[in-house]
Each structure stands twice: as structure tokens, then as C-alpha cells.
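Numbering (this note's numbering), first residue to last: 4 to 133.
Quick reminder that beta carbons are idealized off the backbone N, C-alpha and C, glycines included.
Shown next, in C-alpha cells, is the structure this report addresses.
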């Protein structure tokens, strides 16, 4: 009786061989998909930070420039932006003595064709120096 029980346990263990490998192979694509989604979320957050910083740099340069403030603003703003981010700037004075800069960046997409990157705006203003 004891021998039959031992053989039954060995047979049960033998049947389960490879189950862990099959489960691992089934879960790996889900883990990779989660990592890609997290990386894309990090790119979105980085784009917001980058747009705000570029706008701040541009507004500061435009406010301090004596002549050609729009060119100085654009140059300073896009100097901070990596080439993988498509960007555009809008610089100018408003009526209250402030110099405003708005930087629009397009979020890079990790997997092209799945999503189209949407634009992110960063706006900053500095007091115009006389």
C-alpha cells in the first residue's frame, strides 16, 4: 500500500513538470506590455516638465534682451529641448510689462502607429527689463 502511494505521488509530480515554464511564458508578454506603458507614462511626464522649463528659459531670455527679444526667446527655449521632441515657441510682450513665452512640444511615442503624440504646452512669464 505504501509503495502505491509513493508511486502515485511521483506520478503527480511528474505531471506538473514544466508548468512553471509555461506560466512564465504566458505572463512575460503582459509584463513587457506593462513596462512599455509605464515608459510611455514617464515620457508624458518628462514632456510636461521639459515644456515648462523651456518656456521659463525663453521668457527669461526674451525679458532680458534689449533688441530681438523674440529671436532670443526662441533660441533659449529650444536650446533646452532634445531633438526627438518636436517643438514650437510663441513669444511676446503682453500689456502689463510682462514677457510671455509658450512652448508647445509633441510627446514622442514609444511604439509608432499605436498612438499619435499629442501636444503639450508650457507657459511662463517674466517682468520685462528696461
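In this structure, what does DSSP give as the bridge partners for residue i?
i	result
residue 115	118
residue 109	89 and 122
residue 130	101
residue 76	Answer is none; residue 76 lacks a bridge partner.
Going by alpha carbons, who is nearest to residue i out of the options?
i	options	result
residue 106	58, 115, 71 and 36	58
residue 115	43, 70 and 31	43
residue 123	98, 117 and 84	84
residue 60	39, 75, 30 and 47	75
residue 118	71, 30, 39 and 28	39
Check whether the Cβ atoms of residue i and residue j sit closer than 9 Å, and answer yes or no.
i	j	result
residue 130	residue 100	yes
residue 66	residue 132	yes
residue 23	residue 111	no
residue 73	residue 108	no
residue 56	residue 125	yes
residue 113	residue 46	yes
Starting from the C-beta of residue i, find all residues in its chain whose C-beta is less than 7 Å away, skip the five residues before and the five after it, and write them out in chain order.
i	result
residue 93	105
residue 96	102 and 131
Grab me the residues of residue i's own chain with a C-beta within less than 6 Å of its C-beta, minus the 5 sequence neighbours each way, in chain order.
i	result
residue 63	129
residue 127	58, 59, 62 and 104
Here's a check: name, in chain order, each residue in its chain whose Cβ is nearer than 8 Å to the Cβ of residue i, leaving out the five neighbours to either side.
i	result
residue 26	none
residue 77	61, 92 and 94
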